[in-house]
Amino acid sequence: MIRLKTNKELDLMRKANRIVAIILSEIESRIKPGVNTYDLDIWAEEKILSLGGKPGFKGYGGFPATLCTSINNEVVHGIPSKDRILEEGDIVGIDVGAVYKGFNGDGARTFAVGEVSNKARDLMDTCEKSLYEGIKMAKEGKRVNDISVAIDRFVRARGYEIVRDLTGHGIGENLHEDPQILNYDNGQKGPRLKVNMTLAIEPMITNGGYEVITLNNEWTVVTADGSLSAHYENTIAITENGPEILTKV
Ligand code: MG
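First residue of the sequence shown? That's 1 in the numbering used here, and the numbers climb one at a time after it.
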């Protein structure tokens, strides 16, 4: 069931997601060769707490950290570690959740570590733009699948594949709520979109196949063929004036 937020709840969603936006904005300058992902995680946790929030992922389903840090062929749910040191030419997906007064924020970006290849740059660019193509469809009267189709068309036109085993989602008091938002067109219209829905839209794409596997740590999802993957996510609210991006500073 999809529960519409009250205006008061929407304000709490704005605050939770603003914390996420600040983390994603400020972390960019910290991402450089030689940095380990554990240090990024500690910084993010302290920053979220200092902003009056709580980490949204830590402890969720047993996840051990504040950030998901997913490098190169890792799609999502990479676990921060002192042993994972960013290298020149890597791309790293940073996914962060924050809770404020019981409401969740969720957002992700993929960052370049130093100079990256043109193929990595194009993959990231395609993923980011596809997110905005999806967001354009997030308005009253459209269907959930209109978001999926917009992402699907944009990504495929640029020759990339879309991960199918992971999806976007409704968000609110719970990190994951209905509706599920596929990043590809499954031919089914899905629920109608309404004002005061809050949605996390998050394309995950690869420059190889769409198949993914989960590593033995039971979290990290990687591309089955070792291809590169990018991930962008914004939480948005559907308003009378169209989509409002909440994970933006
Ligand atoms: Mg999400």
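Ideal Cβ positions, reconstructed from N, Cα and C, are used throughout, including at glycine.
For the putative contact between residue i and residue j, defined by C-beta atoms under 8 Å, what is the C-beta separation to the nearest angstrom?
i    : j    : result
T220 : E161 : Actually they are not in contact, since the Cβ atoms of T220 and E161 sit about 19 Å apart, beyond 8 Å.
I48  : E140 : About 32 Å; that fails the 8 Å criterion.
A230 : T110 : 4 Å
G107 : T235 : 6 Å
P64  : A98  : The Cβ separation is near 17 Å, so there is no contact.
A138 : I201 : 7 Å
Classify residue i as helix, strand or coil using the three-state DSSP reduction.
i    : result
N118 : helix
G187 : coil
T110 : strand
G242 : strand
E133 : helix
G105 : strand
R30  : helix
L123 : helix
E74  : strand
E128 : helix
Rounding to the nearest angstrom, what Cα-Cα distance links residue i and residue j in this structure?
i    : j    : result
R156 : S148 : 12 Å
D41  : F57  : 11 Å
R18  : R158 : 31 Å
R164 : V222 : 13 Å
K101 : T6   : 15 Å
G78  : C68  : 5 Å
I85  : I171 : 32 Å
L4   : M197 : 5 Å
K32  : G105 : 25 Å
H250 : E45  : This structure leaves residue 250 out entirely; the chain is present only between 1 and 249.
S130 : K82  : 32 Å
Tell me where the alpha helix (DSSP H) around residue i begins and ends.
i    : result
N145 : 144–157
Quick check on the burial criterion: 16 or more other C-beta atoms within 10 angstroms. Buried or exposed for residue i?
i    : result
D95  : buried
D90  : buried
D152 : buried
I204 : The identity of residue 204 in the sequence shown is Met, whereas the question assumes Ile. It counts as buried.
E306 : Nothing about residue 306 can be reported from this structure: the residues present for the chain run from 1 to 249 only.
N241 : exposed
A150 : buried
D146 : buried
S227 : buried
G59  : exposed
N183 : buried
M1   : exposed
V92  : buried
S117 : exposed
In the DSSP assignment, the beta strand (DSSP E) including residue i goes from what residue to what residue?
i    : result
V20  : No beta strand (DSSP E) holds V20; the alpha helix (DSSP H) holding it covers 7–27.
T214 : 212–214
Y38  : Element bounds for Y38: not the beta strand (DSSP E) but the alpha helix (DSSP H), 37–50.
H176 : Careful: H176 lies outside any beta strand (DSSP E) and carries neither H nor E.
G170 : 168–170
V92  : 91–100
H231 : 229–231
I205 : 204–206
I201 : 198–201
T223 : 221–223
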